[in-house]
Every structure is written in structure tokens, then in C-alpha cells.
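Residue numbers (the working numbering): 209 to 472.
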Ligand SMILES: Nc1ncnc2c1ncn2[C@@H]1O[C@H](COP(=O)(O)OP(=O)(O)O)[C@@H](O)[C@H]1O
Ligand SMILES: [Mg+2]
């Protein structure tokens, strides 16, 4: 899914993300306050944080689906608007159940009233490995196939920035690794901001990792301006001993006492 700006911004345009003094609240309840961070053009950044801290809300705000409040400023890295540059993949795959895989991939163009490039849609389904499922309905597909179609729909939009909300969390371990590798391959050169609850997934995929904390948390800290940067080239082996220190740093920042265990 994307915002509904004119579809004339193509992939040759690079864009990063700059979030300044972000404030998120539902009514009186402040989720995040004074959060600032940047995602460099062409990099893959993971956002971690305990359940309910506001990761999905933050992503939807950057996608333009929620209006920011207070002094919040969200732009591209050079200060220009993000509008028209963002593709958003929601936490649930959000495939329309009555549309076939290929029609789901072409949904953005249909919603904008543009002619659908079926040839391109089929090509992208081929690249995501589900061309033979082009005419299947979501209910007829496995979880992995549905996520491949959702990824294909994101690629179909040709936006330089891709926001993904826990895109692999519902998948079994092997399918998850396959889809992660596929995404690394297909999204190279794009700017990716991905929410995950899994430090190992962040270690496998991210150029940089940010930890979100709620302002009500006793250990609350503002989101640091600088990300945690794991060494090595993605996709990494998250069990590589060289990553142990980074894993510990992430677990500490999440509020865990040791280098083991889950954040939420
Ligand atoms: N549309 C909404 N209206 C009111 N509260 C919401 C809405 N969406 C999410 N929330 C609340 O905001 C908080 C953060 O939600 P969310 O961003 O989904 O967290 P996370 O993705 O980090 O688990 C939760 O307490 C959730 O219940
Ligand atoms: Mg969420």
C-alpha cells in the first residue's frame, strides 16, 4: 500500500528519512516524545522496541497514514517531502481476499485509476518466486506465499523508500530466512525502515538498529540520534560470535539484563 500521491517518482531518485522531534499520542496517552533519527538513502534500518511502544504507529505516521502532532517534522534526508516516495507494507499482509495474487500486486495502480501493467506485475511475481500462484486467491496460499505477494506489491510501486512492519514474523524459521534473503536481494538500493521485535532478525538484516522506548519507561531514553551498527555484510549469520557484543548492546538497550532472551 502507498500514499496516494502522483505515481511519477521513480527509482533513480534516492531518498532517506529524517524524523525530528517526533511526538506520538492517542488522545491523552503519549506514546513517544521528542524522538529524532535519520535513515540514510539506500540503507536498511531496523526499529526494535517492546510490544506496544508505538513501532507500528511510528511507521504509519512516516507512511502518511497518521498526521504527526506537536513539533514533529518528517521529511526526506534533504528536507524535501516524503509524499509519493514511500511504499508501506503493513504488519498483516493486507491482501484483499477477493482478488487474485496478480490483482493484489496491481492494486495500487487500480486504486489510482491508472492502467495496470500486467506484464510487469507478472515479472515481479516471478522475481518473488510465486508466478505460478498468479491466479490464486489469498485463502488458497500459504503464509510464505502471501508474504511473497505482499512483497511483490511493495516492489510494484517503485518507491525509493520501503517501510515494513514485522513482515516476516508470522513465518516459520526456514521460510523467514528465505524471505529475508529475497528481500535483501530485491530491495537493495532502496531505503528500508523495518519494524521487528526480533533482535536476531535486526542483526541479520540491518545496517543500523534503533531502539524505541516509551517516555513512561523508567529507563526511558530518547531514541538516540546514532544507530547501533552491526559489523559485516548483510544478510549476516546472527549467531556469528563477532556479533555477540552488538547483540548484548541491543538487549541492554531493550531493557534485558543479559545477552540472551527476548525483549517483549
Ligand atoms: N487507532 C488507535 N487508536 C488508539 N490507540 C491505538 C491505535 N492504534 C494503536 N493504539 C495503541 O497505541 C499503542 C502502540 O501501538 P503500536 O504502535 O501498534 O505498538 P507496537 O507496534 O510497538 O507494538 C498501543 O497501546 C495500542 O493499543
Ligand atoms: Mg506493531
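We put the CB at the ideal spot given by N, CA and C, even for glycine.
Cβ-Cβ distance between residue i and residue j below 7 angstroms
i: residue 282; j: residue 227; result: yes
i: residue 269; j: residue 416; result: no
i: residue 310; j: residue 329; result: yes
i: residue 255; j: residue 408; result: no
i: residue 368; j: residue 221; result: yes
i: residue 412; j: residue 435; result: no
i: residue 229; j: residue 265; result: no
i: residue 278; j: residue 420; result: no
i: residue 402; j: residue 358; result: no
i: residue 399; j: residue 224; result: yes
i: residue 423; j: residue 238; result: yes
For residue j and residue i, believed in contact at Cβ under 8 angstroms, the rounded distance
i: residue 260; j: residue 240; result: Not a contact, Cβ separation roughly 12 angstroms.
i: residue 285; j: residue 251; result: 10 angstroms between Cβ atoms; not a contact.
i: residue 387; j: residue 355; result: 6 angstroms
i: residue 276; j: residue 305; result: Not confirmed; about 32 angstroms, so no contact.
Per DSSP, cross-strand counterpart(s) of residue i
i: residue 226; result: 246, 283
i: residue 269; result: Paired residues: none, contrary to the question.
i: residue 403; result: 255, 373
i: residue 297; result: 372
i: residue 436; result: 417
i: residue 233; result: 238
Next on the checklist: Which complete alpha helix (DSSP H) runs does the region 338-397 hold, if anything under 4 residues is left out?
Outcome noted: 351-364, 381-394
Next on the checklist: Three Cβ pairs or more, each shorter than 8 angstroms: is that satisfied between the region 337-344 and the region 361-380?
Outcome noted: no
Item to check | Cβ contact check for the region 356-366 and the region 321-336: 3 or more pairs under 8 angstroms | outcome: A contact exists between the region 356-366 and the region 321-336.
Checklist entry - With a cut-off of 8 angstroms, do at least 3 Cβ pairs link the region 290-299 to the region 449-458? => result no
Next on the checklist: Count Cβ pairs between the region 233-248 and the region 311-330 that sit closer than 8 angstroms; are there 3 or more?
Outcome noted: With the rule of 3 Cβ pairs closer than 8 angstroms, the region 233-248 does not count as touching the region 311-330.
Checklist entry - Is it true that the region 297-304 meets the region 373-388, where meeting means three or more beta-carbon pairs spaced less than 8 angstroms apart? => result yes
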